[in-house]
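Residue numbers (the UniProt record's numbering): 1 to 288.
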Amino acid sequence: MIDPVMMNESSSSSSSSSNCSHLFVRHGICFACKKKVSCVHGREFGYLFSGLRLSHEAVSFTKHLTTLVSVYGRKKLHLVLDLDHTLIHSMKTSNLSKAEKYLIKEEKSGSRKDLRKYNNRLVKFRPFVEEFLKEANKLFTMTAYTKGGSTYGQAVVRMIDPNKIYFGDRIITRKESPDLKTLDLVLADERGIVIVDNTLNVWPHHKRNLLEITSYFYFKNDGKNMMRSRLSYAERKSDESRTKRALVNLLKFLKEVHNGFFTCGLEEELDFKDVRYLIKGPLKPHGC
1 MIDPVMMNES
11 SSSSSSSSNC
21 SHLFVRHGIC
31 FACKKKVSCV
41 HGREFGYLFS
51 GLRLSHEAVS
61 FTKHLTTLVS
71 VYGRKKLHLV
81 LDLDHTLIHS
91 MKTSNLSKAE
101 KYLIKEEKSG
111 SRKDLRKYNN
121 RLVKFRPFVE
131 EFLKEANKLF
141 TMTAYTKGGS
151 TYGQAVVRMI
161 DPNKIYFGDR
171 IITRKESPDL
181 KTLDLVLADE
191 RGIVIVDNTL
201 NVWPHHKRNL
211 LEITSYFYFK
221 NDGKNMMRSR
231 LSYAERKSDE
241 SRTKRALVNL
251 LKFLKEVHNG
261 FFTCGLEEEL
271 DFKDVRYLIK
281 GPLKPHGC
């Protein structure tokens, strides 16, 4: 993530307060000229820094520079990950079936590393999620993107990434994106971004970047679960099988995408590489 303070310092050297473009504004104050700005065209990025707003020019510049630094300096692409039914499944304790109530005691006892509580909900990690994040972090800068509320999204990410190693503060929630999901909020060029989500229709404008993953249902009484007549994983005291673990197969495919982006052609050609030609999304990789 590029520091807006650093970037504005470079722009302020050539901008006086009279002709300042107000590229980066925080809490109504321009970083460069230090003047109060009443109206700024552009987009809010409060999930990164409280009160941060970038002009359209700043967004474009930051996306491009971030991708260049990431691709050339770190050999990393960007990965946008959905939370619910992709990395975790959560359920209100009041909605647990009778055969799932045992999980309340198991969570309280601390005997389950993959089971946490948030307010009145149980949060179950998808199998292999910790290993997936650790390995994906070597190849991608990751952003969490959820249609859940801000407090919920922050809490869930802190469960799976307590030390901010994988996501940092890159957590986009319903607060920033109340309707459809968009890469406009991700500060990286679209050519270097891979999206993983279990729901395709929330990404109407970015399907070429999109990898679909099978929805993860651990608990039974979920309105989106069309197989409620069957026993849930929780009721059976089981989980996704080792051979069918979606995150294992997803990681294999992501490694192939990363390898295809960086190993084919000359380094100078990285300026023109595009993951969308490798993914040809929307795509559901084998085993995902």
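Yeah, the Cβ is synthetic: ideal placement off N, Cα and C, and Gly gets one too.
All values derive from a computational prediction rather than experimental measurement.
Could you tell me if the beta carbon of Phe49 falls within a distance shorter than 8 Å of some heavy atom in the ligand SAM? Of ligands this structure carries none, so the ligand SAM is not represented either.
Pull up the distance between the alpha-carbon of Thr67 and that of Ala234, whole angstroms please. Rounded to the nearest angstrom, the two C-alpha atoms are 41 Å apart.
Boundaries of the beta strand (DSSP E) in which Thr146 is found, first to last residue: Under the DSSP assignment, Thr146 falls outside any beta strand (DSSP E); it carries neither an H nor an E label.
What does a CB cutoff of less than 8 Å around Gly148 pick up in its chain, not counting 5 residues either side in sequence? In the same chain as Gly148, and ignoring 5 residues on each side of it, the C-beta atoms closer than 8 Å to its own belong to Leu83, Asp84, Val156, Thr173, Arg174, in chain order.
Could you spell out where the beta strand (DSSP E) holding Leu254 opens and where it closes? Looking at the DSSP string, Leu254 is not in any beta strand (DSSP E); the run it does join, the alpha helix (DSSP H), is 246 to 263.
Return helix, strand or coil for Phe125, following the three-state DSSP convention. In the three-state scheme derived from DSSP, where H, G and I count as helix and E and B as strand, Phe125 is classed as strand.
Which of the three DSSP states, helix, strand or coil, is assigned to Asp84? In this structure, Asp84 counts as strand in the three-state DSSP scheme.
Kindly indicate which three-state DSSP category Thr160 falls into: helix, strand or coil? What sits at residue 160 in the sequence shown is Ile, not Thr. Helix, per DSSP.
Smallest Cα separation from Asp274: which of Arg126, Arg191, His89, Asp161? For the residues Arg126, Arg191, His89, Asp161, the minimum Cα distance to Asp274 belongs to Arg191.
Say whether chain D places a C-beta atom closer than 9 Å to the C-beta of Pro204. Protein chains in the displayed structure number just one, and chain D is not present.
Rounded to whole angstroms, what's the CA-CA distance from Asp169 to Gln154? Just pull it up for me. C-alpha separation (whole angstroms): 9 Å.
Proximity below 9 Å, CB of Arg74 to CB of Thr143: Taking 9 Å as the cut-off, the Cβ atoms of Arg74 and Thr143 do not count as close.
Can you give me the C-alpha to C-alpha distance between Lys105 and Lys117, rounded to a whole angstrom? Distance between the alpha carbons of Lys105 and Lys117 is about 11 Å.
Throw me the rounded Cβ distance for the Arg26 and Phe61 pair, which I believe falls under 8 Å. 17 Å between Cβ atoms; not a contact.
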